[in-house]
Amino acid sequence: MSDLSHLKKTPLTGWHVENGGRMVEYAGYQMPVQYSGVLAEHESVREKVGLFDITHMGEIFVTGPGASDYVSGLVTNFVAKMDCGKVVYNAMCRPDGGVLDDMLVYRLADEKFMVVCNAANHDKIIAWMTDHLPAEGVTLDDQSDDVALVAVQGPQSAELVKRLDILQTRQEDLAGMDFYTFFTCEGPGGTWIVSRTGYTGEHGYEIYIPNADAAALWRELLAKGEDLGVAPVGLAARDTLRFEVCYCLYGHELAEDISPLEAGIGWAVKTKKKTGFIGQEALQAQKEQGVPRKIVCLEMTGRGIARQGCPVMYQGKEVGFVTSGTHSPTLKKALALALVAADVPEGELAVEIRGKEIACHTVDFPFLTARTKGDPMATRTLS
Amino acid sequence: MVPDDRKYSQEHEWIQLDGDVAIVGVTDYAANELGDIVFVELPETGEEFSQGDTAGTIESVKAVADLFLPVSGEVVAINEAVVDSPELVNNSPMDDGWLVKIRLSDTAELDALMDAAAYQDLIGG
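The listed protein sequences derive, respectively, from chains E and X. Throughout, my numbering is defined as the position within the first sequence, counted from one, plus 211. Throughout, my numbering is defined as the position within the second sequence, counted from one, plus 11.
Encoded structure:
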């Protein structure tokens, strides 16, 4: 096993190592890629409830009288008029519309926001946000090293979170919580943010806590979720879970040379936003003229698993490439997302895998419907 | 842990001799390292390979591994059961999860492979 000791740890790294977590390098951290096995962990989240240590995510706090205009000017979605207690999914773009990162923006107060970015892009985003700071009226506070993040995801997540000691006085807040909202409470080590968000396609929560409170929260969730079938879940299953519901992952469907409109997150790009944002003109022009590529959902019909980077072929010509592909644990077949020329029709295509063209065809988006809103046990439609 | 009734390769395959036919599979260690195996591609019966050739592919959810043949010869059988149920390689890598049977063209190649003790040293432990 390679030496990971030079990498950053989370407050839960010791627990992962002691409990069979297979540790790998991820964005400068040592993180668990799996515990018992990716298929079992994936199923835990789809059927019961899973816990994720995603402390590697970046938390950047923005405060001051200019905070609202400043954040709004950097991201693609509406944030200036959002209410306190709301969360909005966003892209942060270059002037040409290329995506620097996708992120969540939380409004904590009229003049206080939290930006949650991907760990792999953290340094780039901090540099970008610092470069674009106005002369006065806005303060950035990068708390990424001080804030831990635990995701509780799955149909039983509501029942589990309800049992936490700290939330016994907040049962009404929890019960009435909509997707993409949050509330705060005071833990032993400082303020907690309890957020009805997640990236698995299941009902779930993400709980931001001071590092000092992380181990106790993790153990409490495991103890109180035992009868619910709670299990720790690694990064490998986090990826297959988001893949099945076709959520974009930076470095796959999203990149600096891919437009958010191509990636299929155009719904989060508000080009009519009055306050203006970096990339607005380019993205407005793309919306009017159309973009040259699109994301398609593929199901392999020949034998093989398409992986990221595999060429996509149509009538013998290369028309794009696979952005994510794996064996879907829930649907039990080989599926892929691919970025292809916008004029490629639905129907039969092929993916080149190790030099051989393997047949596939397009299927409806998404592979699996999310159950993030409404009944967490609802029967789902499969494409 | 490592059975001493067979030989082992640097690429974590095991080779068990039955007359002039070698049964080839991946070791318990390799199956565990790969994680949940979800796809196995094997050669056709009758194909001939030289030692070290890639004769197939084993894929887990996250990883892709080549099956390197540790011996030269002709494929006389493949394990259809693992093609249909790749998880067999995780569940029984050393027995029911065997991959191919090769009629050896050069039995001397076996001498270069590791015995159980040497393989145990390789994987540590």
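Built from N, CA and C at the ideal position, the CB exists for glycine as well.
Just mark Arg-17/X as buried or exposed, buried being the case when its beta carbon has 16 or more other beta carbons within 10 Å.
That one is buried.
Using CA atoms only, rank isn't needed, just tell me which of Phe-324/E, Gln-379/E, Thr-266/E and Val-260/E is closest to Ala-291/E.
It is Phe-324/E whose Cα lies nearest to the Cα of Ala-291/E.
How should His-343/E be labelled, buried or exposed, when 16 other C-beta atoms within 10 angstroms of its C-beta is the threshold for buried?
Exposed, since its Cβ has fewer than 16 Cβ neighbours within 10 Å.
Go through the stretch 260-331 of chain E residue by residue and report every complete run of the beta strand (DSSP E) that reaches 3 residues or more, in order.
DSSP runs (the beta strand (DSSP E)) wholly in the stretch 260-331 of chain E: 261-264, 269-274, 298-304, 310-320 and 323-328.
Do the CB positions of Gly-46/X and Val-13/X come within less than 8 Å of each other?
Not a contact, by the Cβ cut-off of 8 Å.
Checking contacts by CB at 8 Å: is Ala-241/E closer than that to chain X?
Note that residue 241/E corresponds to Gln in the displayed sequence, not to Ala. Not closer than 8 Å to any Cβ of chain X, the Cβ of Gln-241/E fails to qualify, so no.
Once the 5 residues before and after Glu-559/E are set aside, which same chain residues still bring their CB inside 6 Å of it?
Cβ within range, chain order: His-572.
Taking 8 Å as the cut-off, does the stretch 533-549 of chain E touch the stretch 566-585 of chain E (at least 3 CB pairs, one atom from each stretch)?
Contact holds: three or more Cβ-Cβ distances are below 8 Å.
Select from Val-235/E, Ala-330/E, Val-316/E and Thr-411/E the residue whose C-alpha is nearest the C-alpha of Val-363/E.
The shortest Cα separation from Val-363/E among Val-235/E, Ala-330/E, Val-316/E and Thr-411/E belongs to Thr-411/E.
How about Glu-55/X: is its C-beta nearer than 8 Å to some C-beta of chain E?
False, the Cβ-Cβ gap to chain E never drops below 8 Å.
Here's the rule: buried if 16 or more other CB atoms are within 10 angstroms of the residue's CB, otherwise exposed. What is Ser-20/X?
The residue in question, Ser-20/X, is buried, as its Cβ has 16 or more Cβ neighbours within 10 Å.
Contact criterion: CB-CB distance below 8 Å. Does Gln-519/E meet it with respect to chain X?
No, Gln-519/E lies away from the interface with chain X (no Cβ there is under 8 Å from its Cβ).
Comparing C-alpha positions only, which one of Met-242/E, Gly-531/E and Gly-415/E sits nearest to Pro-366/E?
Pro-366/E has its Cα closest to that of Gly-415/E, out of Met-242/E, Gly-531/E and Gly-415/E.
Within 10 angstroms of its Cβ, does Ser-279/E collect 16 or more other Cβ (buried), or is it exposed?
Ser-279/E comes out buried.
May I have the straight-line CA-CA distance separating Val-444/E from Lys-259/E, to the nearest angstrom?
In a straight line, the C-alpha of Val-444/E is about 12 Å away from that of Lys-259/E.
From the DSSP output, in three-state form, read off Lys-484/E for me.
Three-state DSSP puts Lys-484/E in coil, outside helix and strand.
May I have the straight-line CA-CA distance separating Leu-218/E from Glu-120/X, to the nearest angstrom?
Computed Cα separation, rounded: 43 Å.
Leaving out five residues on either side along the sequence, give the residues of the same chain with a beta carbon under 8 Å from the beta carbon of Val-310/E.
Counting only Cβ-Cβ distances below 8 Å, and skipping sequence neighbours, we find Ala-302, Met-303, Cys-304, Tyr-461, Leu-465, Ala-466, Glu-467, Ile-469, Ser-470, Pro-471 and Ala-474.
If you follow the alpha helix (DSSP H) that His-253/E is part of, which residue opens it and which one closes it?
Here the alpha helix (DSSP H) through His-253/E covers 249-258.
Considering only residues of the stretch 220-249 of chain E, which uninterrupted alpha helix (DSSP H) runs meet the minimum length of 4 residues and lie entirely inside it, listed in chain order?
List check, alpha helix (DSSP H) in window: 224-229.
Counting only beta-carbon separations shorter than 8 Å, does Gly-108/X have a partner in chain E?
Answer no: the Cβ-Cβ gap between Gly-108/X and chain E never drops below 8 Å.
Determine the direct distance from the alpha carbon of Lys-584/E to that of Glu-431/E, and round the result to whole angstroms.
Whole-angstrom Cα-Cα distance: 26 Å.
Rounded to the nearest angstrom, what separates Glu-499/E and Asp-64/X at their Cα positions?
Going from the Cα of Glu-499/E to the Cα of Asp-64/X covers about 53 Å.
The beta strand (DSSP E) with His-572/E in it runs from where to where?
Residues 567-574.
Tell me the residue span of the alpha helix (DSSP H) that contains Tyr-341/E.
Note that residue 341/E corresponds to Thr in the displayed sequence, not to Tyr. Segment 333-342, the alpha helix (DSSP H) holding Thr-341/E.
Measuring only the C-alpha atoms, how far is Cys-328/E from Thr-274/E?
Roughly 17 Å between the two C-alpha positions.
List the whole-angstrom C-beta distance separating Ile-26/X from Val-75/X, where the pair is believed to meet the contact cut-off of C-beta under 8 Å.
Not really, about 22 Å apart at Cβ, beyond 8 Å.
Please check if any C-beta of chain E sits within less than 8 Å of the C-beta of Phe-50/X.
Answer yes: the Cβ-Cβ gap between Phe-50/X and chain E drops below 8 Å somewhere.
For Ala-24/X and Val-51/X, I'd like the C-alpha separation in whole angstroms.
First, the residue type needs correcting, since residue 24/X is Glu and not Ala in the sequence shown. Those two C-alpha atoms are separated by around 15 Å.
8 Å is my cut-off, CB to CB: does Gly-261/E come that close to chain X?
It does not; no Cβ of chain X falls within 8 Å.
Report yes if the C-beta distance between Gly-57/X and Glu-85/X is below 8 Å; otherwise report no.
A contact, by the Cβ cut-off of 8 Å.
Identify the residues that DSSP records as bridge partners of Asp-357/E: which are they?
Asp-357/E pairs with nothing; no bridge assigned.
Chain E partners of Lys-18/X, CB-CB under 8 Å?
The premise fails here: Lys-18/X is roughly 25 Å from chain E at the closest Cβ pair, so nothing lies under 8 Å.
Alpha carbons only, please: which of Cys-396/E, Lys-544/E, Ile-265/E and Gln-354/E is nearest the one belonging to Asp-334/E?
Of the candidates Cys-396/E, Lys-544/E, Ile-265/E and Gln-354/E, the one whose C-alpha sits nearest the C-alpha of Asp-334/E is Gln-354/E.
To which residues does DSSP link Gly-36/X through a beta bridge?
Per DSSP, Trp-25/X.
For the 8 Å Cβ check, are there 3 or more pairs between the stretch 218-238 of chain E and the stretch 422-436 of chain E?
With the cut-off at 8 Å, the stretch 218-238 of chain E and the stretch 422-436 of chain E touch.
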